[in-house]
Structure formats: C-alpha cells, structure tokens
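For reference, the structure is listed below as structure tokens.
Residue numbers (my numbering): 1182 to 1674.
Here's what the structure looks like:
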C-alpha cells in the first residue's frame, strides 16, 4: 500500500490542556507545602517560641506572629481550596464554587496584608540609599507573595475548567488529592501496591514531611528575613554597609535555595527508599488484587523510561524539586492503579525492585509464553517505544493474539520528534495507517493507539515534560483505557 493511500491517524493536541494542568498542579504543590509549613509551625515553631518566652522572659512577637499567621492561613486556605476542588469536580452548585473562590480571595489577601510589613521595611531600607536597593527590596517582597499567587492562579484555573468541557483535568480529583496526601508522608498511593506499612516507615514519612514544612515555612518569610539582614548590615557604614547588605541579601537567597534543594532531595530520597522497601512483587500484588492487570512492556535497555530530559517547568521545580517523577512508570502507577494492578517484567539484575510498576521476575521460565499469557489476561497493555528488536516481537505478539486494540504505545522523550521511526512502527502494526506528516519538527508525539475503529495520536506543540505525559495518561484513561477495562470485565464475566 502506498503512503498516500494510507489512512492518517487522528491527531489530538493536548498543549492547551497541559498549560492549564501545570497551573493546577503548581497550586496543588503549594497547597501541600502550605499544609507542611502549617504542620511544622504548629509542631516545632509555636511550642518553641512559647517555651523560649517562658524561660527567658523575652517577647519575640515577630516569630510568634509569623507562626500564628501561617497556621491561621493554612487552616483557612487548605480547606477552602479543597472545597473548591471538590465542588468543581462534582459541580454541586454555582454558589458553592463562588463561595469557595471567595475564601481563596480572602485567604490570599490575608497573606498579602501580612507581607506589607516586609515591603514597607524593605522599601524604607532602599529609600535611604539608592534605587538599586529598592529593586532588591521588591525582589525580597516578591519571594513572599510568589507562593500565594500560584495558589490563587490555580484556584482561578480550576473555576475556569469547571465551566468548560475540560473535565479531564479534574476527573478523579478526590483520589488524586488522597494519593498526594499519602505520598507526602511516604505511604502507598494504591491500597494493594505495598505490604503493610510499618511504624518506622510512617515515622520516616512524617519526618520528611516535617523537613519540607521547614523549607516552605522559610519560603513564606524569606523576603522579610533577607531584607532585615541587609538593613542590619547597612547600618554599619554608608558605603561599606550598603555593599555588605547586598552581599548578605544575595548570599541569603543563594544559600537558602541550596539548602532547600538539598533538604527536598533528602526528603524525597528517604520517601522513595521507604516505598521501595514496602513495594510488592507482581505475583503477590495480583493475588491481593484480582482485577485484570495493566501490563507495561518496555525494553530492559530503557527500563523505566527516564524523564530526566522531560522535567516540568522551572517554577514548579522551585516549589518542590523533590516531588518530580523520575520516570514514566511512576506516572503510569499514579494514573492507572485505580484501574488494576500495574505490572511489568522485572530486570534480572535488580537487587531491590525499582519504584513503579510491580515486577514479575522470570528466572528459568519461558519468558515469552509468560508475557503472551499476561497480554491475554491484561485489560490494557502499555508499550514503551524503544529502538530494540524486542519491540518488534511485542508488536507481532499483540497482532497475532488479536490484542492490538487494547494496546497503548507511549513514546519516550528521546523519540517524540523522530516521526520517521514512529511511521515505521505504525506501519508495522497496521499497514493501512500512517502518522500525519508535519511541516515542522516541533510537534512532539507522546502516545498513539491503533484501535480498529478509531486510531489516534496524542501530541503537543511544546517540548515533552512530565506535565504533558501526565495529561496524556489522563486523556487516554478518559477516552480509551476505561473503555478497554469495561470490555475486559465483560469478557471475564
């Protein structure tokens, strides 16, 4: 069949969805940080300040005011944002959404008013010396209002989404929020994916949550603290002090972000190590969860399909660099563990199972016959595109077993612009199909399906990031995967 006579796969552009979802996701991360900071302020700062005042008989109003304001703000913002998210999801009534939005506005104004003291002091410091210091003062103040602004922008975006047809971004919202809460303290996001959580694992998770709370607590008061340090140094001498003030200010910013990133990294590392130790293998998981599995096939060379070259936008990494998913497997488990146990074939050289899909380790068994059986039993088969010869065997097996209609092909970041390679793969799957020809190479193909009734490719005009892949999996879940799970359940019944 000639190229011109082939039927083009329908292209689905998720660029706009990804932009909206990035705003919502950033707001959720700020919300988590605010809750962590509130937890830290209530557990550590407030008791510490009270004890200090009682023992030393000194009044430390500023630290006490910061902790009390943050606790009050967290207690108002967190519930109101959750109410907004739930009402947008359920669309109970327009009044509920408007009321929730009003709470967000009030909470945002609370934080904004609390930052006025920092702004006034910083501008006063700048006015005594030069306009350059005013710029520094504004930057210091901006560091304080940056987080509430992202939270507010995310709230507005949720309201906008709830009024249009983009329900994909807020579908499964209650489950998403619950999973994020569990993951924050190191607990499983899927009820059956892990062995029983030990007291030690819970303690480690809460400790990392407390560490992140310190970082976010420092975020909220960063501008005020730096401007005060610079002002104190400037009082030493007009010229020397002014220069020293700038040095202290810049050094303060740099040192804080270095420490923050280090603590985020440590917290995330401990959390992932804990979850890896608790993770079940595929056999135990499938015994606990009898639903048809979601099978993930990929080359051992690619293993989990790294996302190191597909990181989310910088403003999200700055919020919480430790929460970035390191591979596509983690996103698959996040999005599809509600559908069925997510499993894959384990790499023989693994000493500890990697975090992600539950591993099915094959020793002296005929691995091809085992994979064929898993393909037949699975409700959905996710295939990670790679350059190895194993991909050809997987495609041929899916076709010969009549299971190609329940396959979803995911394209790693390294191949999203390699349209020629993708055309060859699609042609091997079905010679009557063809990937659309693009005049520009900046179209990134993230995934595609070859359903006999309707074949589609998911693409983005921007570079592939974790956000685009997350939205892709959500879109596939809404439009394809849920239907496949329903068909599998009917066949099993």
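Heads up, the beta-carbon is just placed ideally off N, CA and C, and yes, glycines get one too.
Per DSSP, the beta bridge partners of residue 1188 are 1614. Residue 1384 is classed as exposed because its beta carbon has fewer than 16 other beta carbons within 10 Å across all chains shown. Between the alpha carbons of residue 1400 and residue 1327 lies a distance of about 9 Å. In the DSSP assignment, residue 1214 falls within the unbroken alpha helix (DSSP H) covering 1196 to 1221. Here residue 1589 is bridged, per DSSP, to 1563, 1630.
Boundaries of the beta strand (DSSP E) harbouring residue 1640: 1636 to 1641, taken from the DSSP string. DSSP, read as helix, strand or coil, puts residue 1388 in helix. When DSSP states are grouped into helix, strand and coil, residue 1599 belongs to the coil group. By the Cβ neighbour-count rule, residue 1549 is exposed, with fewer than 16 other Cβ atoms within 10 Å of its own.
With a threshold of 16 other beta carbon atoms within 10 Å, residue 1210 meets it and is buried. Burial of residue 1657 is indicated by the presence of at least 16 other C-beta atoms within 10 angstroms of its C-beta. When secondary structure is reduced to three states using DSSP, residue 1455 falls in the helix class. Rounded to whole angstroms, the separation of the alpha carbons of residue 1625 and residue 1391 is 39 Å. Residue 1632 has its alpha-carbon roughly 12 Å from the corresponding atom of residue 1660. For the 9 Å CB-CB criterion, residue 1561 and residue 1578 do not form a contact. Judged by their CB atoms, residue 1543 and residue 1526 are nearer to each other than the 9 Å cut-off.
Ranked by how close their Cα comes to the Cα of residue 1616, the residues 1638, 1440, 1397 have 1638 in first place.
When the beta-carbon positions are compared, residue 1603 and residue 1566 come within less than 9 Å of each other. Contact between residue 1331 and residue 1207 holds: CB atoms are separated by about 5 Å, below the 8 Å threshold. The beta-carbon distance between residue 1590 and residue 1629, rounded to whole angstroms, is 5 Å. This is short enough to meet the 8 Å contact definition. Among the bridge pairs identified by DSSP, residue 1476 is matched with 1524, 1562. DSSP lists 1524 as the bridge partner or partners of residue 1539. Rounded to whole angstroms, the separation of the alpha carbons of residue 1593 and residue 1645 is 9 Å.
Here DSSP, grouped into helix, strand and coil, assigns residue 1533 to coil. The residue from 1397, 1470, 1466 with its alpha-carbon nearest to that of residue 1442 is 1397.
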